[in-house]
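Start counting the sequence shown at 0; every next residue gets the next number (numbering that gives the first Met the number 0). Using N, Cα and C, we set each Cβ at its ideal position, and we do this for glycine too.
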Amino acid sequence: MQDFTPLVVGIDVGGTKTHLRAYAGHDPVADHVRSSSGWRPHDPVAAAGWLAALVAEALPAGARPSALALGGHACETPRQCAQIRTALQLHFDAPALVVGDAELLAPAAGLDKGVGLVAGTGSVAVGRLADGTLVQVGGWGAVLGDEGGAAGLVREAARAAWSAHDRGEQPDELALGLVSAFGVAEVPALGDALESAEDVSAEWGRHAPVVFAAAEAGSVLARTVITEAGRSLAALVERLAARGVAVDDVVVAGGTILNQPALYDAFASSLATTAPGARAQRLREPPVEGAVALARSIL
């Protein structure tokens, strides 16, 4: 006879890796991590098929979810998320919920509501109005935005190095670090190196540690870039507040901001000025726990 203990499945589909956790009641059933290669959120049918294959791969044979929730990288609008959810119904006879991955942060922190702010390779902030309407700011990609994310930091660092070069200044620790990281001979060659990237976000973002190393070595330019990045992240929260989102609790995640204290401190300092009532906290649990919490909420 089938065990009627509800089986809830939570999935965090990130830009690089995907994490699935499943529980029967409160007993763990699966904890599965794999690459996000093949995730195509702009094709709902393909995305749903990819998720169904992931669930089949991760769960014990014959196990069927009682509820499933996922936060998906590049699920950028409620309409897009709803289309993936509809396509999932072809695979699972169970309630399902699909949200953007930044929406996992508040429930992962044990909050019923709150702002989720991510500064990893890119940057984005999300929250909801009192009526439940989603509001998302940022997340425009490395070419147009993503200030405070790894790729945005490198872009702004290169701009700072170019400006210093145009002022006739000698290359400092930041400029020298970027020249070395991109394998070019001098500062003016950085432009071509950045423009030739095939995957802009990934290829720029992997050089972000250069910015922080230069700041620690005394580069005023690097320190200014980091300070401005912190201000830009705080501005995302301020923008949400201006649109009517309650920003009392801000849950912060993303490898760049959590692994670089200088950036977190710059963000927190600016947030205290721009949104003095906001309480920022680092996410302590993996985001997938937010997906699990959302799955439990729709049982």
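Start-to-end residues for the beta strand (DSSP E) that takes in A279: R278 to R281
Beta-carbon contacts of A57 that lie in its chain and below 6 Å, excluding the five residues immediately before and after: L19, A29 and H31
Inter-residue Cα distance where the pair is M0 and R33: Residue confidence for M0 is low, a pLDDT of 39 falling below 50, so the modelled location carries little weight; the figure read from the coordinates is stated next. M0 and R33: Cα-Cα distance of roughly 32 Å.
Continuous alpha helix (DSSP H) stretch holding T273: start and end: P260 to T273
Cut-off 6 Å between Cβ atoms - residues of its own chain near D145, not counting five sequence neighbours on either side: G121, S122 and G151
Inter-residue Cα distance where the pair is A241 and A62: 45 Å
Same chain only: Cβ atoms within 8 Å of G37, ignoring 5 sequence neighbours per side: W49
CA-to-CA distance, T76 to L298, given in whole angstroms: 24 Å
Test item: CB-CB of A51 and A68 under 8 Å: no
Cβ neighbour criterion (16 or more within 10 Å) applied to V186: buried
Where A55 falls, given that 16 or more other Cβ within 10 Å makes a residue buried: exposed
Inter-residue Cα distance where the pair is T272 and V114: 17 Å
Beta carbon of L239 nearer than 8 Å to that of G126: yes
Bridge partner(s) assigned by DSSP for E97: According to the sequence as given, residue 97 is Val; it is not Glu. In the DSSP output, where bridge partners are listed per residue, V97 has L69.
The alpha helix (DSSP H) enclosing R33, as first and last residue numbers: That residue, R33, is in no alpha helix (DSSP H); its beta strand (DSSP E) goes D26 to S34.
Same chain, Cβ closer than 7 Å to G167, neighbours up to 5 away in sequence not counted: none
Three-state secondary structure assigned by DSSP to Q79: helix
Alpha-carbon to alpha-carbon, G99 and P5: 24 Å
Reduced DSSP category for H206 - H, G, I as helix; E, B as strand; rest coil: coil
Cβ-based burial, E299 [other Cβ within 10 Å; buried from 16]: Residue numbering for the chain in the displayed model covers 0 to 298; residue 299 lies beyond these limits and cannot be assessed.
Every unbroken alpha helix (DSSP H) within the region 161-248, with a cutoff of 4 residues, ordered by chain: 172-180, 189-194, 199-204, 207-215 and 219-241
Three-pair Cβ contact test at 8 Å for the region 81-90 versus the region 223-230: no
Under 8 Å between C-beta atoms of L220 and A265: no
R20 - containing beta strand (DSSP E), residue span: K16 to A23
Among K16, L104, A156 and C80, nearest to G176 - alpha-carbon criterion: A156
Inter-residue CB distance, V250 and G9 (contact presumed, cutoff 8 Å): Between G9 and V250 the Cβ distance is about 16 Å, and since that is not below 8 Å, they are no contact.
G115 in three-state terms, based on DSSP: strand
For A66 and A93, believed in contact at Cβ under 8 Å, the rounded distance: 6 Å
I297 in three-state terms, based on DSSP: coil
Own chain partners of P286 with C-beta closer than 7 Å, once the 5 adjacent residues on each side are dropped: D11, G70, D100, L103, L104, A107 and A252
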